[in-house]
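Going by our numbering, the sequence shown runs without a break in its numbering and finishes at 871.
Structure first, commentary second.
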Amino acid sequence: MDALRLVGLVAASAAVAGLARRTPVPAPLLLVAVGLVASYVPGVPDYTLDPHVVLPLILPPLLYTAAVESSYLDLRANIRPVALLSVGYVLFATVAVGWLAHVLVPDLPLTAALVLGAVIAPPDAVAATAIARRLGLPHRITTILQGESLVNDATAITAFKVALAAAVGEGISWAGGLGEFALAAVGGVGVGLVLMVPIHWLRTRLDEPLLQNTLSLLIPFIAYAAAEEVHASGVLAVVVVGLFLGHKAWKVDFATRLQEEAVWKMVAFVLESAVFALIGLQLPYVVQGLGPYGVGEALWYAFGVFVFVVVVRFVWVFPATFLPRRLSAGVREREPGVDWRAPVVVGWAGMRGVVSLAIAFSIPVVTDGVEFPARNLVLFLTFTTVISTLVVQGLTLPPLIRALKLPGRDRHQETLAEAQAQSEASRAAEARLDELLADERNTLPGPLADRLRTVLERRRNSVWERLGAVSELTGETADDTYRRLSREMIEAEREVFVRLRDERRIDDEMMRTLLRRLDLEEAAAYREELG
């Protein structure tokens with residue numbers, strides 16, 4: 341029964357995510373909405389988030405894929421704003437939202453309110469990045485949001501542990517809390533630094549792509565478990581390892597990279613889809629658990645907390661953006677000028693997600709005989725904050741960006757930079773080819789040598805052609821037409837191979853070998869679309 345429930349969840353969420361690609365609504369928002377509706381449909385099983393599954397089994401691979409796809413150099417160039425958001429803002433939000441919730445909700449102890457603040461402090465790693473990429477935000481804003489989402493979970497989880505210890509009367513001091521935070525942060529980074537080099541060495545020594553990709557699937561879990569075993573931050577360990585391996589991915593052979601990219605895209609798609617569907621499906625559970633609090637009263641508190649969360653982010657983002665520039669000439673020299681529109685977008689892109697819910701569900705009912713105060717209300721306020729930020733901010737972020745007329749990515753400039761890089765690389769390859777052909781051991785028949793030069797010239801010209809004129813008849817560039825004709829030719833060959841197999845003139849094994857060659861050629865011709 342559990343297996344059927346899991347299969348049903350994955351299949352339904354993948355179908356909804358696929359449907360979202362045909363609509364203007366971002367997939368996370370549609371999945372949450374469908375989950376909310378489905379949670380009250382008769383016959384739909386009850387799905388309850390288990391923090392023992394989400395934190396060690398779902399969070400590591402999602403963080404790892406985000407880290408591998410991030411740019412270490414871009415993050416290093418933007419380390420100040422990333423640190424201010426991923427560490428400074430999370431701690432500020434924990435205290436500020438916690439204190440405001442303590443004032444708003446009668447009889448909610450400050451320690452329990454701080455637990456709530458820590459739970460809902462970190463913006464979601466998946467939602468913000470997915471929406472930012474889809475909207476084509478400026479590169480620097482996307483980098484800052486990605487960097488924030490990679491590290492803020494570690495900050496929030498550590499702050500949560502400290503606040504929880506205080507809430508159940510374990511008598512932790514501020515100095516002890518800061519010490520635990522430092523230990524978790526330094527330990528997590530340290531574990532990542534220790535693991536990243538031997539893992540990379542092993543990846544480059546394995547000759548079989550299947551073994552390399554098996555290792556790739558294990559890496560985030562190994563890093564997370566190793567760090568948690570020594571009471572360090574598993575999140576930071578995964579991020580450090582992922583950033584390093586992504587930075588060094590060019591040293592792995594091409595077959596592994598192609599296979600790894602496909603595998604991780606599938607894994608991320610399935611996990612992200614299921615996670616956002618699970619968020620919506622939690623509604624019956626959190627409503628039923630309200631206990632002494634009426635739904636109307638709890639909704640009023642939820643509205644207040646949501647407003648606090650939104651306001652507190654802006655209270656932090658604007659000073660964190662402009663004060664360092666005003667106070668430091670070095671910051672003004674190193675970083676590009678920023679107008680008021682960028683912090684507005686960053687401030688409004690503070691959607692919460694599954695990590696907040698998973699942390700909230702991990703709050704124990706009783707610890708050492710001490711009952712956690714208002715646990716059900718904390719769960720409800722976490723759920724409503726996640727839903728409110730995803731729906732309200734997620735749906736209004738695209739029109740906000742359009743209204744602000746924020747400049748998007750300069751596609752022409754990016755294509756020009758790509759063309760220049762390809763030209764420089766092609767010149768180096770041509771020089772190397774001339775050097776090799778001058779050696780009598782590398783003598784090739786004229787047609788084969790010409791073919792090498794033709795392929796090289798084709799690769800060099802294809803990017804420049806994207807900057808060229810467009811056909812009035814088809815609306816295609818020369819490069820578009822080339823790729824379309826190439827696909828038509830490959831399809832004709834493919835049909836012949838299948839026909840020969842059906843006529844028993846070749847066997848299935850030979851057909852698969854021939855089709856794989858065509859698949860690789862088609863993938864090379866359409867590499868831009870596949871990326």
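Every residue gets a Cβ at the ideal spot worked out from N, C-alpha and C, and that includes glycine.
Roughly how many angstroms lie between the CA atoms of residue i and residue j, to the nearest whole one?
i, j, result
"K745", "A406", "28 Å"
"L440", "Y641", "11 Å"
"L788", "E569", "57 Å"
"G582", "L535", "11 Å"
"L737", "V365", "11 Å"
"G786", "L477", "49 Å"
"R345", "R597", "33 Å"
"I727", "V393", "21 Å"
"K563", "V491", "One point to set straight first is that residue 563 is Ala, not Lys, in the sequence displayed. Approximately 15 Å between the Cα atoms of the pair."
"E831", "A352", "33 Å"
"V356", "T388", "20 Å"
"E797", "D820", "16 Å"
"L825", "D790", "22 Å"
"Y380", "V705", "26 Å"
"R416", "S410", "11 Å"
"G457", "L431", "9 Å"
"D859", "Y822", "17 Å"
"S613", "V655", "32 Å"
"E637", "F701", "21 Å"
"T724", "I481", "27 Å"
Reducing DSSP to helix, strand and coil, say where residue i ends up.
i, result
"E568", "helix"
"E780", "helix"
"E816", "coil"
"E711", "strand"
"P683", "helix"
"A352", "helix"
"Q628", "helix"
"T725", "helix"
"A642", "helix"
"M851", "helix"
"V529", "helix"
"D342", "helix"
"T388", "coil"
"P538", "helix"
"I419", "helix"
"S573", "coil"
Our contact map puts residue i next to residue j with C-beta atoms below 8 Å; I'd like the distance itself, whole angstroms only.
i, j, result
"A360", "A354", "No, A360 and A354 are not in contact; Cβ-Cβ is about 11 Å, not under 8 Å."
"T729", "V627", "Between V627 and T729 the Cβ distance is about 19 Å, and since that is not below 8 Å, they are no contact."
"L784", "L773", "Incorrect: roughly 10 Å between the Cβ atoms, too far for contact."
"A577", "G528", "5 Å"
"V575", "L403", "6 Å"
"P887", "T495", "The chain is shown only over 341 to 871; residue 887 falls outside these bounds and no answer can be derived."
"G375", "L621", "5 Å"
"M851", "R841", "4 Å"
"R827", "E862", "6 Å"
Kindly indicate which residue of the options has the alpha-carbon position closest to the one of residue i.
i, options, result
"A524", "H571, D779 and A682", "H571"
"A433", "V455, E775 and P421", "V455"
"T483", "A496, M691, L551 and N418", "N418"
"R448", "A818, A507, F658 and M691", "Checking the displayed sequence, the identity of residue 448 turns out to be Leu instead of Arg. Checking every option, the nearest Cα to that of L448 belongs to A507."
"A505", "I703, D819 and T821", "I703"
"A759", "T821, R791, E775 and N801", "N801"
"R856", "R839, E833 and D842", "E833"
"R767", "D779, A757, R799 and P739", "R799"
"Q733", "V356, W656 and L369", "L369"
"I539", "L550, L558 and F521", "L558"
"F500", "I846, V695, V526 and L667", "V695"
"V731", "A357, V372 and P400", "V372"
"S573", "F654, K605 and A522", "A522"
"A565", "V531, D547 and N553", "V531"
"V579", "D593, E775, V408 and P382", "V408"
"L395", "L717, A698 and R845", "A698"
"V607", "N553, A682, L623 and I619", "N553"
"L740", "W604, T725, A682 and H587", "A682"
"P632", "V645, A761 and V718", "V718"
Exposed or buried, residue i, counting other C-beta atoms within 10 Å across all chains shown (16 or more means buried)?
i, result
"L485", "buried"
"A452", "buried"
"N782", "exposed"
"W688", "buried"
"P446", "exposed"
"D493", "buried"
"V686", "buried"
"W541", "exposed"
"A864", "exposed"
"L585", "buried"
"V657", "buried"
"V377", "exposed"
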